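Q:
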Amino acid sequence: MPCPRCGATGVDPAGYCVQCRLFRGPASPPPQAFYPVPPPPKQRNPLLIPGIVFGVVALLLAAGVIVYAVVGGDSPAADQGLTGGTNPVVAPSLTAAPDDPTPTPTATVTATPGASASGSAGASPTAGPSCVVGVFLEEQHTEQVTVLNTGTFPFSGSGAYHRYTDSGRVTLDYGDGMSLRGSNGANQYEYIFAGYISYTYKYENGVLTFSSPRPDPQGTETFIRNGNVDFKGKLEARVPPPMKVNCGGVAMSLSNQITTIQLRRTSKAP
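Written out as structure tokens, the structure reads:
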């Protein structure tokens with residue numbers, strides 16, 4: 000716009016007319032023919048979203064593997080229907096004897112049929128006499144059993160086979176299940192053994208001493224209280240205490256402070 004005083008059109012950077020020095024305000028930039036173009040939007044990383052999705056999927060797969068391992072893994076206890084936990088029958092002080100022909104004596108007793116604690120072997124023991132060697136069937140087995148928080152009372156049963164070899168090895172064979180049953184007031188109990196346990200045995204002065212137990216890897220023991228399974232676990236490698244022997248051609252009896260077993264010979268060959 001021309002200066003109102005002199006008609007000049009120029010204005011210096013300070014806003015004064017270049018001819019008459021009339022203050023007209025700062026110079027305005029020339030008008031633009033178009034609006035300024037905004038900067039282009041920031042480009043997204045094309046790998047960001049697929050990477051996030053892949054990470055989430057990998058995390059879910061890892062969580063699924065962990066859950067399967069904890070809940071549905073290949074567990075021997077689950078395969079055999081074992082309950083785990085604590086056996087309510089009082090455990091012996093020695094549950095796994097070393098492979099030593101002279102086990103350490105102990106006063107503790109438990110409830111496995113003829114298998115509760117270890118006893119001491121005398122000097123120069125030998126395998127049993129001829130009346131011991133052979134196969135015998137338990138016709139009566141009575142044993143004092145201690146149940147945790149309940150008490151000690153007799154359990155009775157039958158059906159296990161004893162196989163004594165002339166080389167000093169014996170196998171207690173419970174088959175598919177040998178039961179000992181007992182009661183305490185209105186409560187009914189059943190202790191079931193399945194499978195087998197073999198031992199080294201020594202005979203001296205009418206007494207059998209056992210050591211080196213080898214339980215059946217698939218063997219089990221189950222404790223039932225009033226019809227409900229309290230415990231089911233693997234057959235434990237317990238060592239029987241020394242047992243007095245009274246044997247003849249057709250029968251044999253074994254006894255100690257907690258157990259009395261009456262057996263009938265079924266074969267002379269083990």
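With numbering that gives the first Met the number 0 applied, the sequence shown has no gaps in its numbers, which climb one by one up to 269 at the end. Ideal Cβ placement from N, Cα and C applies to all residues, glycine included. The structure presented is a predicted model; accordingly, all values stated were derived computationally and were not measured.
(1) Below 7 Å CB to CB, which residues in the same chain sit around C5 once its five sequence neighbours on both sides are set aside?
(2) So K243 and V206 are supposed to be a Cβ contact under 8 Å. How far apart are they, rounded?
(3) Using three-state DSSP, classify A250 as helix, strand or coil.
(4) Going by DSSP, which residues form a beta bridge with E189?
(5) For A122, name the three-state secondary structure that DSSP assigns.
(6) So E142 and P153 are supposed to be a Cβ contact under 8 Å. How far apart are they, rounded?
(7) Terminal residues of the continuous beta strand (DSSP E) containing F209?
(8) Evaluate T199 with the Cβ neighbour count: other Cβ atoms within 10 Å of its Cβ, from every protein chain shown; 16 or more gives buried, anything less gives exposed.
(9) Could you tell me if F222 is buried or exposed, where buried requires 16 or more neighbouring beta carbons within 10 angstroms of its beta carbon?
(10) Based on DSSP bridge pairs, tell me the residues matched to M242.
(11) Taking only the alpha-carbon atoms, compute the straight-line gap between S252 and N225 and give it to the nearest angstrom.
(12) Where does the unbroken beta strand (DSSP E) through E138 begin, and where does it stop?
(13) Assign D11 to one of three DSSP states: helix, strand, or coil.
(14) Since N86 and F192 are thought to touch, with beta carbons under 8 Å apart, how far apart are those beta carbons, to the nearest angstrom?
(15) Let me know if L147 comes out buried or exposed under the rule of 16 or more other beta-carbons within 10 Å of its beta-carbon.
(16) Can you tell me which of the three DSSP states S256 falls into?
(17) Given a cut-off of 8 Å on the beta-carbon distance, is the pair K201 and G174 in contact?
(18) Rounded to whole angstroms, what is the Cα-Cα separation between V249 and Q256?
(19) With DSSP as the reference, label K231 as helix, strand or coil.
(20) Just to confirm, are A159 and D172 a CB contact at a threshold of 8 Å?
(21) Quick one: Cα of V169 to Cα of Y163, how far?
(22) What do you get for F22, buried or exposed, if any count of 16 or more other CB atoms within 10 angstroms of its CB means buried?
(23) What's the C-alpha gap between G176 and G194?
(24) Who are the near neighbours of R264 in its chain, counting only those whose CB is closer than 6 Å to its CB and skipping five residues on each side?
(25) Checking contacts by CB at 8 Å: is K201 closer than that to chain B?
(26) Indicate the three-state DSSP secondary structure (helix, strand or coil) for S155 in the structure shown.
A: Taking the structure as given:
(1) C16, Q18 and C19
(2) 6 Å
(3) strand
(4) R180 and I223
(5) Because the pLDDT at A122 is just 36, under 50, the model does not fix this residue reliably, and the point stays unresolved.
(6) Between P153 and E142 the Cβ distance is about 7 Å, and since that is below 8 Å, they are a contact.
(7) V206 to P214
(8) buried
(9) Of the other Cβ atoms in all chains shown, 16 or more fall within 10 Å of the Cβ of F222; this residue is therefore buried.
(10) L207
(11) Taking the straight line from one Cα to the other gives about 31 Å.
(12) G133 to V146
(13) coil
(14) Contact annotation, N86 with F192: C-beta distance approximately 12 Å; criterion of less than 8 Å not satisfied.
(15) exposed
(16) The question names Ser, but residue 256 in the sequence shown is Gln. If DSSP states are grouped into helix, strand and coil, Q256 belongs with coil.
(17) Against a cut-off of 8 Å, the Cβ pair of G174 and K201 comes out as no contact.
(18) Their Cα atoms are separated by approximately 24 Å.
(19) strand
(20) In this structure, D172 lies closer than 8 Å to A159 by Cβ.
(21) 4 Å
(22) exposed
(23) 7 Å
(24) G133, F135 and V249
(25) Looking at the structure shown, chain B is missing, and only one protein chain is on hand.
(26) strand
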